[in-house]
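Below is one structure, written out as C-alpha coordinates; comments come after it.
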Amino acid sequence: MQNKIVFSLLLFFFIVFLPLSTTIAADTEKTIDVYTFTQKSCPYCAKILSLLETLKQEYPEIKVHEFDLKSNPEYFSKFQEFASVYEVGISTVPTTFIGERAILGYRENDVRNNIDFCSLPVNDCVNPEQFVKKELETRDYYNNKNNPPVTSTGKSLLGWVVAIILVVFFGFILVIKIL
(Lines of atoms letter the chains of each structure in order from A; the text may use other names.)
(Lines give C-alpha, C1' and ligand atoms only; values in the text may rest on other atoms or scores of the structure.)
Protein backbone atom coordinates (compact mmCIF):
# COMPACT_ATOMS: atom_id res chain seq x y z
CA MET A 89 0.00 0.00 0.00
CA GLN A 90 2.87 2.36 0.90
CA ASN A 91 4.56 1.74 -2.48
CA LYS A 92 1.30 2.50 -4.29
CA ILE A 93 1.05 5.90 -2.59
CA VAL A 94 4.67 6.79 -3.34
CA PHE A 95 4.28 5.70 -6.96
CA SER A 96 1.04 7.73 -7.29
CA LEU A 97 2.69 10.85 -5.88
CA LEU A 98 5.75 10.51 -8.10
CA LEU A 99 3.59 10.01 -11.17
CA PHE A 100 1.42 12.96 -10.18
CA PHE A 101 4.41 15.32 -9.76
CA PHE A 102 5.98 14.09 -13.00
CA ILE A 103 2.78 14.85 -14.92
CA VAL A 104 2.36 18.28 -13.29
CA PHE A 105 5.93 19.58 -13.50
CA LEU A 106 7.15 18.15 -16.83
CA PRO A 107 5.24 20.66 -19.01
CA LEU A 108 6.38 23.52 -16.78
CA SER A 109 10.05 22.56 -17.07
CA THR A 110 9.91 22.46 -20.88
CA THR A 111 8.22 25.88 -20.92
CA ILE A 112 10.97 27.38 -18.78
CA ALA A 113 13.70 25.76 -20.89
CA ALA A 114 12.19 27.17 -24.09
CA ASP A 115 12.13 30.67 -22.61
CA THR A 116 15.86 30.63 -21.83
CA GLU A 117 16.84 30.52 -25.51
CA LYS A 118 16.93 34.25 -26.10
CA THR A 119 17.67 36.24 -29.23
CA ILE A 120 18.24 39.98 -29.25
CA ASP A 121 17.17 41.23 -32.66
CA VAL A 122 18.75 44.54 -33.68
CA TYR A 123 17.43 46.29 -36.79
CA THR A 124 19.57 49.08 -38.19
CA PHE A 125 18.93 51.24 -41.24
CA THR A 126 22.11 52.60 -42.80
CA GLN A 127 23.63 54.09 -45.96
CA LYS A 128 26.82 52.87 -47.58
CA SER A 129 28.63 56.24 -47.65
CA CYS A 130 27.71 57.21 -44.06
CA PRO A 131 30.68 57.16 -41.61
CA TYR A 132 28.41 56.87 -38.56
CA CYS A 133 26.66 53.91 -40.16
CA ALA A 134 30.03 52.17 -40.50
CA LYS A 135 30.72 52.91 -36.83
CA ILE A 136 27.37 51.47 -35.69
CA LEU A 137 27.94 48.31 -37.72
CA SER A 138 31.42 47.96 -36.23
CA LEU A 139 30.00 48.46 -32.73
CA LEU A 140 27.33 45.82 -33.34
CA GLU A 141 29.97 43.35 -34.56
CA THR A 142 31.97 43.99 -31.39
CA LEU A 143 28.89 43.54 -29.22
CA LYS A 144 28.12 40.24 -30.95
CA GLN A 145 31.36 38.93 -29.42
CA GLU A 146 30.10 39.85 -25.93
CA TYR A 147 26.49 38.84 -26.57
CA PRO A 148 26.26 35.89 -28.98
CA GLU A 149 22.47 36.09 -28.80
CA ILE A 150 22.50 39.32 -30.87
CA LYS A 151 21.17 39.00 -34.39
CA VAL A 152 21.82 42.08 -36.53
CA HIS A 153 19.48 42.93 -39.40
CA GLU A 154 21.06 45.64 -41.55
CA PHE A 155 19.16 47.51 -44.24
CA ASP A 156 21.31 49.67 -46.55
CA LEU A 157 18.92 52.29 -47.89
CA LYS A 158 21.31 53.51 -50.59
CA SER A 159 22.04 50.09 -52.11
CA ASN A 160 18.46 48.83 -51.78
CA PRO A 161 15.87 51.61 -52.11
CA GLU A 162 13.09 49.05 -51.51
CA TYR A 163 14.14 49.06 -47.84
CA PHE A 164 12.93 52.66 -47.54
CA SER A 165 9.28 51.59 -47.17
CA LYS A 166 10.31 49.24 -44.36
CA PHE A 167 12.20 52.13 -42.74
CA GLN A 168 9.09 54.31 -43.03
CA GLU A 169 6.98 51.63 -41.31
CA PHE A 170 9.48 51.29 -38.46
CA ALA A 171 9.76 55.07 -38.08
CA SER A 172 5.98 55.45 -38.06
CA VAL A 173 5.45 52.83 -35.35
CA TYR A 174 8.35 54.04 -33.20
CA GLU A 175 7.30 57.66 -33.82
CA VAL A 176 10.68 58.89 -35.05
CA GLY A 177 11.73 60.80 -38.14
CA ILE A 178 13.18 59.25 -41.28
CA SER A 179 15.90 61.83 -41.86
CA THR A 180 18.62 60.24 -39.69
CA VAL A 181 20.89 57.31 -40.46
CA PRO A 182 21.90 55.17 -38.83
CA THR A 183 18.63 54.48 -37.05
CA THR A 184 18.74 51.41 -34.85
CA PHE A 185 15.81 49.56 -33.29
CA ILE A 186 16.30 47.36 -30.22
CA GLY A 187 13.22 46.04 -28.45
CA GLU A 188 10.77 48.93 -28.18
CA ARG A 189 13.49 51.59 -28.46
CA ALA A 190 14.67 53.56 -31.46
CA ILE A 191 18.16 55.05 -31.43
CA LEU A 192 18.83 57.83 -33.93
CA GLY A 193 22.41 58.35 -35.05
CA TYR A 194 25.53 56.82 -33.58
CA ARG A 195 24.93 56.65 -29.83
CA GLU A 196 27.20 53.94 -28.48
CA ASN A 197 26.05 54.17 -24.85
CA ASP A 198 22.37 53.91 -25.80
CA VAL A 199 23.02 50.87 -27.98
CA ARG A 200 25.10 49.18 -25.26
CA ASN A 201 22.58 49.98 -22.53
CA ASN A 202 19.66 48.63 -24.55
CA ILE A 203 21.49 45.43 -25.42
CA ASP A 204 22.55 45.03 -21.77
CA PHE A 205 18.92 45.49 -20.75
CA CYS A 206 17.62 42.98 -23.31
CA SER A 207 20.29 40.42 -22.39
CA LEU A 208 19.12 40.13 -18.78
CA PRO A 209 17.04 36.99 -18.18
CA VAL A 210 14.28 38.96 -16.44
CA ASN A 211 13.77 41.28 -19.42
CA ASP A 212 11.88 40.22 -22.50
CA CYS A 213 12.58 42.54 -25.42
CA VAL A 214 10.39 42.24 -28.47
CA ASN A 215 11.68 41.60 -31.96
CA PRO A 216 11.34 45.07 -33.56
CA GLU A 217 10.01 43.66 -36.84
CA GLN A 218 7.32 41.66 -35.03
CA PHE A 219 6.52 44.72 -32.90
CA VAL A 220 6.09 46.86 -36.04
CA LYS A 221 3.96 44.21 -37.75
CA LYS A 222 1.68 43.87 -34.72
CA GLU A 223 1.31 47.64 -34.33
CA LEU A 224 0.53 48.11 -38.03
CA GLU A 225 -2.06 45.32 -37.90
CA THR A 226 -3.64 46.95 -34.85
CA ARG A 227 -3.73 50.33 -36.58
CA ASP A 228 -5.19 48.74 -39.71
CA TYR A 229 -7.82 47.01 -37.59
CA TYR A 230 -8.81 50.27 -35.91
CA ASN A 231 -8.94 52.07 -39.24
CA ASN A 232 -11.10 49.40 -40.90
CA LYS A 233 -13.32 48.13 -38.09
CA ASN A 234 -15.66 49.58 -35.51
CA ASN A 235 -14.91 46.84 -32.97
CA PRO A 236 -11.90 47.10 -30.66
CA PRO A 237 -9.31 44.36 -31.08
CA VAL A 238 -9.35 41.38 -28.78
CA THR A 239 -5.95 40.97 -27.21
CA SER A 240 -4.60 37.89 -25.56
CA THR A 241 -2.76 38.38 -22.30
CA GLY A 242 -1.00 35.03 -22.58
CA LYS A 243 0.04 32.77 -19.77
CA SER A 244 1.65 34.57 -16.90
CA LEU A 245 3.93 33.12 -14.29
CA LEU A 246 1.34 33.90 -11.64
CA GLY A 247 -1.25 31.90 -13.56
CA TRP A 248 1.09 28.92 -13.70
CA VAL A 249 1.80 29.16 -9.98
CA VAL A 250 -1.90 29.30 -9.09
CA ALA A 251 -2.68 26.38 -11.41
CA ILE A 252 0.11 24.27 -9.93
CA ILE A 253 -0.98 25.02 -6.38
CA LEU A 254 -4.56 24.04 -7.21
CA VAL A 255 -3.50 20.83 -8.94
CA VAL A 256 -1.22 19.86 -6.04
CA PHE A 257 -3.92 20.68 -3.48
CA PHE A 258 -6.62 18.66 -5.22
CA GLY A 259 -4.12 15.89 -5.96
CA PHE A 260 -3.40 15.49 -2.26
CA ILE A 261 -7.12 15.52 -1.46
CA LEU A 262 -7.61 12.78 -4.05
CA VAL A 263 -4.75 10.70 -2.62
CA ILE A 264 -6.11 11.10 0.92
CA LYS A 265 -9.60 10.01 -0.17
CA ILE A 266 -8.15 6.96 -1.94
CA LEU A 267 -6.43 5.88 1.25
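Counting in the working numbering, the sequence shown tops out at residue 267, every number present. All C-beta atoms in this analysis are idealised placements derived from N, C-alpha and C, irrespective of residue type, glycine included. Computed from a predicted structure; not experimentally measured.
- Excluding residues up to 5 positions away in sequence, 122 and 140 lie with their Cβ nearer than 6 Å to the Cβ of residue 152 in the same chain.
- At a cut-off of 3 residues, the continuous stretches assigned as beta strand (DSSP E) that sit fully inside the segment 183–222 are 183–186 and 189–192.
- When the Cα atoms are used, residue 143 and residue 136 turn out to be separated by approximately 10 Å.
- Counting C-beta atoms within 10 angstroms of its own C-beta, residue 209 has fewer than 16 neighbours from the protein chains shown and is therefore classed as exposed.
- In the three-state reduction of the DSSP assignment, residue 256 falls in the helix class, which pools H, G and I.
- The beta carbons of residue 203 and residue 186 sit about 6 Å from each other, so the pair counts as a contact at 8 Å.
- In the structure shown, residue 117 adopts coil according to DSSP, grouped into three states.
- Annotation: the continuous alpha helix (DSSP H) that includes residue 146 extends over 131–146.
- The beta carbon of residue 158 is closer than 6 Å to those of 127 and 128 in its chain, skipping five residues each way along the sequence.
- A direct Cα-Cα distance of roughly 18 Å separates residue 265 from residue 253.
- DSSP, read as helix, strand or coil, puts residue 178 in coil.
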